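K.L.:
If you scroll down you'll find the structure; I have some questions about it.
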Amino acid sequence: MAAPAVAMVPLGPSAAAGTLAFTGSSTEYWAIVAAQQQDAERYQRTQMAAAALRRRQRVFTLLYNMLAVGELVYFIVGLYLIDWQVADLRDNPLLGPGALGIVKLGGTHTQRIIERHQYWRLVSSLFHNAGAIHLVSNLGLVWAFGHFLVRDISPWAVAATFLCSGLAGVLVSANVGAQYMSAAASIPAFGLAGAACSKLLLDWRRYAWRPVTLALLGFMLAANAFLGATPFVDNSGNSGGLVAGAVMGLGWVLVRKEKTRSRVREALLHLLAAAAMVGVLAAVVVGLVGLQYNAPVAGCCNPWVCTGSAWWDCDASRIWPSSCAFTTYLNSTATLTCPKGQVVGMGVVNRTDISSLLIQQWCDTYCNLATGISSGGGDSSSSSSSGVSGIGGGLGSSSSSAS
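In the numbering used here, the protein residues as written are 608 to 1010.
This is how it looks when you write it as structure tokens:
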């Protein structure tokens, strides 16, 4: 038997007016009330999610502003410390300092990290930009990909991805690109790009303009990879940061996945997320161990570290040996071999007070003027064995060096 027809006032504004807006069975009435409650709860969840998103975006904007101001001040103060000396465009096409400025301002320099234990460079380099173009490009990447990520994960997770992927990438740069000095501010930016790639691929169906988003992401990465091919920027480090960021992004997305009915599947997701984080930390540890034991994998990927071009000279960012070799011959002539390989003929040298300090003075003077033309300076086959004491003490051979 059907439920009797009743006249009831539904919840809502009409109740306050005292009007009867519904006439029907009680079953239909309570079905409508339940639907209204579900709509209200759904609306409330939407409002709460929007409020949480606004909070995350405010925190991210604050962190981004601190980063942008810090890197800008770092760049300007750095130029001031080197008397506003901007390198030639062939040496640094990104409108920034040359080799002296990069080293002085805390860039990645493997030789100094290992020999002088300047491990602070692994951190300072993350905020050091190679030039004005590099600065604008990196801040643009951080803003774009950071806002993309913060829609689903905490801004503090974005900051952790920025720092951890940056540290992993700069360690790759210090080991693989050990023959070049670089400014590594683009590495953590590539880390955020890697995390954005993971999020886009795992949540592919959530986005309406998927091909456009993917094309834009690819264009931004390609443009910044082109900048990474120039002197004082290292694409090997950028690649390391991209991979580390992708792994961390995978972990964050898996943790944020909706709970499933299968506890086993949920446990596997959390296990994969933990493994991703541990993998990044392990890469950081391996990189530190490689530097500690003076075992960088240098020279294996130099074209990827800095790609040669008619527009720039990769030798501008190369770390050359710091010593000069002084060679004497039986006919009293001598040659000075510069750190970059130029051989300067010294002519006849009739001096008995040649010391390592004097060799270094000659090195500083003549190697800056060297043309690279080899000068024999005598018959090398008849070279004498009376050398000059080096920095380390003791007698050398006919070829002595000063660092």
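The C-beta atom is built at its ideal place from N, Cα and C for all residues, glycine as well. All of these numbers come straight from a predicted model, not from anything done at the bench.
Pull up the DSSP beta-bridge partners for Trp919, would you.
P.N.:
On the sequence shown, residue 919 is found 312 positions in, with the first residue counted as 1. Answer by DSSP bridge pairing, in chain order: Ser916.
K.L.:
Within 7 Å of any Cβ in chain C, is that where the Cβ of Glu678 sits?
P.N.:
Among the chains of the structure shown, chain C does not appear; only one protein chain is present.
K.L.:
Val840 and Leu834 - do their beta-carbons sit closer together than 7 Å?
P.N.:
Walking along the sequence shown from the start, residue 834 turns up at place 227. Walking along the sequence shown from the start, residue 840 turns up at place 233. Result yes, Cβ atoms of Leu834 and Val840 sit closer than 7 Å.
K.L.:
For a test of the three-state rule: what should DSSP assign to Cys771, helix, strand or coil?
P.N.:
Numbered from 1 along the sequence shown, position 164 holds the residue referred to as residue 771. It is helical.
K.L.:
Whole angstroms are fine: how far does the CA of Val871 sit from the CA of Leu729?
P.N.:
On the sequence shown, residue 729 is found 122 positions in, with the first residue counted as 1. On the sequence shown, residue 871 is found 264 positions in, with the first residue counted as 1. If you take the alpha carbons of Leu729 and Val871, they lie about 40 Å apart.
K.L.:
Please classify Leu702: does DSSP put it in a helix, a strand, or coil?
P.N.:
Numbered from 1 along the sequence shown, position 95 holds the residue referred to as residue 702. It is coil, neither helix nor strand.
K.L.:
Quick one: measure Cβ to Cβ for Gly801 and Ser772, integer angstroms, because I've assumed they're closer than 8 Å.
P.N.:
Here residue 801 refers to the residue found at position 194 when the sequence shown is read from its first residue. Here residue 772 refers to the residue found at position 165 when the sequence shown is read from its first residue. Confirmed, Cβ separation roughly 7 Å.
K.L.:
Indicate the three-state DSSP secondary structure (helix, strand or coil) for Leu712 in the structure shown.
P.N.:
Numbered from its first residue, the sequence shown carries residue 712 at position 105. In the structure shown, Leu712 sits in coil (DSSP, three-state: anything other than H, G, I, E or B).
K.L.:
If we call anything under 7 Å between Cβ atoms a contact, is Asn736 one with Phe682?
P.N.:
Within the sequence shown, numbered from 1, the residue matching residue 736 stands at position 129. Within the sequence shown, numbered from 1, the residue matching residue 682 stands at position 75. Yes; because the gap between Cβ atoms is below 7 Å, this pair is in contact.
K.L.:
Quick test of your reading: Gly708 and Gly685, contact by CB under 8 Å. State the CB separation rounded to the nearest angstrom.
P.N.:
As a first step, residue 708 is located in the sequence shown; it is residue number 101 there, counting from the start. As a first step, residue 685 is located in the sequence shown; it is residue number 78 there, counting from the start. Contact flag correct, Cβ pair sits at about 7 Å.
K.L.:
Do you know how far the Cα of Val950 is from the Cα of Asn699?
P.N.:
In the sequence shown, the residue the question calls residue 699 occupies position 92. In the sequence shown, the residue the question calls residue 950 occupies position 343. Each residue's Cα considered, the two are about 26 Å apart.
K.L.:
Would Leu857 and Ser805 qualify as a contact pair, given that the criterion is a beta-carbon distance under 7 Å?
P.N.:
The residue labelled residue 857 in the question sits at position 250 within the sequence shown. The residue labelled residue 805 in the question sits at position 198 within the sequence shown. Taking 7 Å as the Cβ cut-off, Leu857 and Ser805 qualify as a contacting pair.
K.L.:
Contact between the region 886-901 and the region 776-791 is defined here as three or more beta-carbon pairs at a separation below 8 Å; is this criterion met?
P.N.:
Yes, the region 886-901 touches the region 776-791.
K.L.:
Between Gly753 and the rest of its own chain, which residues show a CB-CB distance below 7 Å, the 5 nearest in sequence each way excluded?
P.N.:
Residue mapping note: residue 753 aligns to position 146 of the sequence shown, counting from 1. Phe667, Tyr671, Val765 and Leu799, listed in sequence order.
K.L.:
Cutting at 6 Å between CB atoms, please list the residues of its own chain near Trp911, excluding the five before and the five after it.
P.N.:
As a working note, residue 911 is residue 304 in the sequence shown. Cβ neighbours of Trp911 beyond the five flanking positions: Asn842 and Ser843.
K.L.:
Applying the criterion that 16 or more other CB atoms from any shown protein chain within 10 Å of the CB defines a buried residue, is His724 buried or exposed?
P.N.:
Locating residue 724 in the sequence shown gives position 117, counting from the first residue. So His724 ends up on the exposed side.
K.L.:
Identify, in the order they occur along the chain, each residue of the same chain with its Cβ nearer than 7 Å to the Cβ of Val757, setting aside the five sequence neighbours on each side.
P.N.:
Counting from 1 along the sequence shown, the entry for residue 757 is found at position 150. Taken in chain order, the residues that qualify are Arg663, Gln664, Phe667 and Val765.
K.L.:
Where DSSP assigns a beta bridge to Gly954, which residues make up the other side?
P.N.:
Along the sequence shown, read from residue 1 onward, the residue named residue 954 stands at position 347. DSSP, once it has assigned bridges, lists Ala941 as partnering Gly954.
K.L.:
Determine the extent of the beta strand (DSSP E) in which Cys931 is found, giving its start and end residues.
P.N.:
Your numbering for residue 931 matches position 324 in the sequence shown. Run containing Cys931: Cys931 to Thr935, per the beta strand (DSSP E) assignment.
K.L.:
Just how far apart, CA to CA, sit Ser981 and Gly954?
P.N.:
Sequence index remark: in the sequence shown, residue 981 carries index 374 (1-based). Sequence index remark: in the sequence shown, residue 954 carries index 347 (1-based). The pLDDT assigned to Ser981 is 34, lower than 50, so where the model puts this residue is not dependable, and the model offers no usable value.
K.L.:
Based on the DSSP output, what are the partners of Cys925 in its beta bridges?
P.N.:
Residue 925 sits at position 318 when you count from the first residue of the sequence shown. Residue identity check: residue 925 is Arg in the sequence provided, not Cys. Beta-bridge pairing links Arg925 to Tyr787.
K.L.:
On the three-state DSSP scale, how would you describe Ser632?
P.N.:
On the sequence shown, position 25 is the one that residue 632 refers to. Strand.
K.L.:
Excluding the five sequence neighbours on either side, which residues of its own chain have a C-beta within less than 8 Å of the C-beta of Ala832, listed in chain order?
P.N.:
For the purposes of this step, residue 832 is identified with residue 225 of the sequence shown, where counting begins at 1. Closer than 8 Å at Cβ, skipping near neighbours: Asn842 and Asn845.
K.L.:
Decide if Cys907 is buried, meaning its Cβ has at least 16 other Cβ atoms within 10 Å, or exposed.
P.N.:
Looking up residue 907 in the sequence shown gives position 300. Answer is exposed; the Cβ neighbour count stays below 16.
K.L.:
Beta carbon of Phe734, beta carbon of Ala792: below 7 Å?
P.N.:
Sequence index remark: in the sequence shown, residue 734 carries index 127 (1-based). Sequence index remark: in the sequence shown, residue 792 carries index 185 (1-based). Contact flag set, yes.
K.L.:
State the DSSP-derived secondary structure class of Tyr681, mapped to helix, strand or coil.
P.N.:
Locating residue 681 in the sequence shown gives position 74, where the first residue counts as 1. Residue state, collapsed to three classes: helix.
K.L.:
Pull up the distance between the alpha-carbon of Ile689 and that of Gln968, whole angstroms please.
P.N.:
Counting from one through the sequence shown, the residue named residue 689 turns up at place 82. Counting from one through the sequence shown, the residue named residue 968 turns up at place 361. For Ile689 and Gln968, the distance between alpha carbons rounds to 23 Å.
K.L.:
Less than 7 Å between C-beta atoms, sequence neighbours within five positions excluded: which residues of the same chain meet that for Phe879?
P.N.:
Locating residue 879 in the sequence shown gives position 272, where the first residue counts as 1. Looking at the sequence shown, residue 879 is not Phe but Leu. Closer than 7 Å at Cβ, skipping near neighbours: Leu861.
K.L.:
I need the DSSP call for Ile720, collapsed to helix, strand or coil.
P.N.:
Counting from 1 along the sequence shown, the entry for residue 720 is found at position 113. Helix at Ile720.
K.L.:
With DSSP run on the structure shown, which of helix, strand or coil describes Gly858?
P.N.:
Locating residue 858 in the sequence shown gives position 251, where the first residue counts as 1. It is helical.
K.L.:
Which value, in whole angstroms, describes the spacing of the CA atoms of Ala882 and Met855?
P.N.:
Translated into positions along the sequence shown, residue 882 becomes position 275. Translated into positions along the sequence shown, residue 855 becomes position 248. Taking the straight line from one Cα to the other gives about 10 Å.
K.L.:
Buried or exposed for Phe933, going by 16 or more other Cβ atoms inside 10 Å?
P.N.:
Residue numbering aside, residue 933 sits at position 326 when the sequence shown is read from its first letter. So Phe933 counts as buried.
K.L.:
In terms of residues, what are the limits of the alpha helix (DSSP H) holding Asn745?
P.N.:
Here residue 745 is taken as the residue at index 138 of the sequence shown, counted from 1. Residues Ala739 to Val757.
K.L.:
On a Cα-Cα basis, can you pick out the residue from Gly738, Gln644 and Leu679 that is closest to Gly705?
P.N.:
The count along the sequence shown starts at 1 and reaches residue 705 at position 98. Residue Gly738 is the option with its Cα nearest to Gly705.
K.L.:
Could you compute how far the alpha carbon of Ser789 sits from the alpha carbon of Cys970?
P.N.:
For this step, residue 789 is matched to residue 182 along the sequence shown. For this step, residue 970 is matched to residue 363 along the sequence shown. Rounded to whole angstroms, Ser789 to Cys970 spans 25 Å at the Cα level.
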